[in-house]
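In what follows, a single structure is set out as structure tokens and then discussed.
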Amino acid sequence: MVARVTHYRIRPGKMEDFVSTAQALTPAMDKLHGFRVLLILRGEEKDSQDAMAISAWDSAADMRNSENDKFYYKTLSKLMSCCESFSPMHVEEVLLSKFANP
0 MVARVTHYRI RPGKMEDFVS TAQALTPAMD KLHGFRVLLI LRGEEKDSQD AMAISAWDSA
60 ADMRNSENDK FYYKTLSKLM SCCESFSPMH VEEVLLSKFA NP
């Protein structure tokens with residue numbers, strides 16, 4: 000299992016747009032082969048403009064293939080337009096994962 004990690008600096012006044020755009024992306028992600036989970040985290044401070052997205056995938060190939068999905072790519076571009084800056088996406092190996100059973 001691998002994780003894609005990206006850090007974002009959200010433009011002032013764009014946090015709501017950022018979150019709603021990310022929510023619009025989730026149904027498309029559910030259809031992508033190998034997708035497991037998406038977490039979007041906000042910085043510690045109440046009004047922080049920093050966010051981090053972590054998505055987990057069965058394999059690096061599944062993660063790379065997601066970048067070819069047109070809806071996913073278009074929505075991701077819209078998400079990035081809410082940002083002043085963002086780090087390059089990078090891949091981390093998942094050594095351990097545990098999610099609660101629904």
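Just so we're aligned, residue 0 is where the sequence shown starts under numbering that gives the first Met the number 0, counting upward by one. Note that beta-carbon positions come from the ideal geometry of N, C-alpha and C, so glycine has one too.
Taking the DSSP output, what are the residues bridged to residue i?
i	result
T5	A52
V36	A55
R41	A50
For residue i, count neighbouring C-beta atoms within 10 Å of its own C-beta (all shown protein chains included) and say buried if the count is 16 or more, exposed if not.
i	result
V1	buried
L75	buried
A60	exposed
A23	exposed
Y7	buried
T5	buried
S54	buried
L94	exposed
With residue i and residue j assumed to form a contact (beta carbons below 8 Å), what rounded beta-carbon distance in angstroms separates them?
i	j	result
F98	V36	7 Å
CA-CA distance, residue i and residue j?
i	j	result
S96	D57	12 Å
M14	Q48	7 Å
P87	K45	25 Å
H89	N64	15 Å
D16	E66	22 Å
F140	K77	As displayed, the chain neither begins before 0 nor continues past 101, which places residue 140 out of reach and without an answer.
R3	K73	18 Å
- Message: Using a Cβ distance threshold of 8 Å, determine whether the stretch 40 to 49 contacts the stretch 23 to 32, with at least three qualifying pairs required.
- Response: no
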